[in-house]
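Residue numbers (our numbering): 29 to 351.
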């Protein structure tokens, strides 16, 4: 197949290639959700005929069907360097991999933006039926990169594109300096991520008494909630809201939260019986416990009117019983 025939075939198959890219993205997303892996961004594209023609001409490719594999492409953007290898391994589990390259190992600091892991994937025999039959023989190049590398690649791509030799030496030096600074920033982010991971591991190994003396932060409160209510998930939004609304002088350690939870147990049982729909997360128990016991927190936190009425109704009921 000569170049003209290859480009014509590519143009005819463009819509099918787009379906292929969408299916690759869907498969990756589904598996990430099942494994609890978070992707900062994922996107795909099919090269235009002109883009392919430019690449073939630039690299003087005579048999493009044997040498061009990025006509369909997907990019996975993660946050940290070590996650690149996690997603790369995931691709090996999901697809048939014909080729893989870690650009960081072959390029220097001056090429920071291209330090992604490139993997050529195809749907293997485990994907059968009419849904996948039309993708037989299709290959997709998946790039795994980080947010910082992605940003640098976009900026550098605009200024330099692929012809670095044409860039003035003074500008090359400046771009290389920025590249080095961004790599330092990436290393700092990666180190912070490792420290947080180690902190979470440490929290998970503590006894209950040792955990309760820990200072209140998002991670310590998460571990406390998971231990206290293992059957319930945590609401990230409402947990962040809870921490913001806490009086930090009054609530310093997890034991301060735990004391409130224990004091509010009777109210929580009452309200949970009345409105089980309002207790989907362990965070719901914590916020409502704080709202019932602590009037200051109640005034700060965004409680529903029904919950505010429940606070008053239950307290009035208790007072009436005492009388």
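Note that beta-carbon positions come from the ideal geometry of N, C-alpha and C, so glycine has one too.
No experiment lies behind these values; they were computed from the predicted model shown.
Bounding residues of the alpha helix (DSSP H) (the contiguous stretch that carries residue i)
i: residue 214; result: 197-233
i: residue 82; result: 77-87
i: residue 303; result: From DSSP, residue 303 is part of no alpha helix (DSSP H); its letter is neither H nor E.
i: residue 310; result: 310-321
i: residue 47; result: 42-63
i: residue 156; result: Unbroken run through residue 156: none, as it is neither H nor E.
i: residue 291; result: 282-291
Contact under 7 Å by Cβ, residue i with residue j
i: residue 266; j: residue 311; result: yes
i: residue 313; j: residue 285; result: no
i: residue 54; j: residue 100; result: no
i: residue 292; j: residue 320; result: yes
i: residue 248; j: residue 282; result: yes
i: residue 72; j: residue 102; result: yes
i: residue 317; j: residue 288; result: yes
i: residue 34; j: residue 74; result: no
i: residue 116; j: residue 172; result: yes
i: residue 176; j: residue 210; result: yes
Delimiting residues of the beta strand (DSSP E) encompassing residue i
i: residue 244; result: No beta strand (DSSP E) contains residue 244, which DSSP labels as neither H nor E.
i: residue 73; result: 69-74
i: residue 169; result: 168-174
i: residue 146; result: 145-150
i: residue 262; result: Note, residue 262: premise wrong, no beta strand (DSSP E); not H, not E.
i: residue 96; result: It is not in any beta strand (DSSP E) - residue 96 carries neither H nor E in the DSSP assignment.
i: residue 129; result: 124-130
Assigned exposure category for residue i - 16 Cβ within 10 Å defines buried
i: residue 151; result: buried
i: residue 229; result: exposed
i: residue 213; result: exposed
i: residue 141; result: Because the pLDDT of residue 141 is 49, which lies under 50, any placement of that residue in the model is unreliable, and the number read from its coordinates should be weighed accordingly. Answer is buried; the Cβ neighbour count reaches 16.
i: residue 163; result: buried
i: residue 137; result: Summary for residue 137: the model assigns pLDDT 46, below 50, so the residue's position carries little reliability; its value from the coordinates is reported in the next sentence. Exposed.
i: residue 220; result: exposed
i: residue 56; result: buried
i: residue 36; result: exposed
i: residue 338; result: buried
i: residue 40; result: exposed
i: residue 244; result: buried
i: residue 51; result: buried
i: residue 329; result: buried
i: residue 181; result: buried
i: residue 143; result: buried
Selected residue, minimal CA-CA separation from residue i, among the options
i: residue 340; options: 299, 226, 308; result: 299
i: residue 146; options: 163, 104, 288; result: 104
i: residue 32; options: 262, 78, 254; result: 78
i: residue 241; options: 260, 279, 174; result: 279
i: residue 257; options: 275, 209, 309; result: 309
i: residue 65; options: 148, 327, 112, 156; result: 112
i: residue 63; options: 130, 122, 346; result: 122
i: residue 96; options: 324, 29, 224; result: 29
i: residue 185; options: 236, 203, 170, 169; result: 203
i: residue 294; options: 346, 325, 304; result: 346
i: residue 148; options: 169, 160, 159; result: 169
i: residue 127; options: 109, 153, 98; result: 98
Supposed contact pair residue j and residue i - C-beta distance, whole angstroms, cut 8 Å
i: residue 231; j: residue 251; result: 4 Å
i: residue 107; j: residue 59; result: So it is not a contact: roughly 18 Å between Cβ atoms.
i: residue 255; j: residue 239; result: 7 Å
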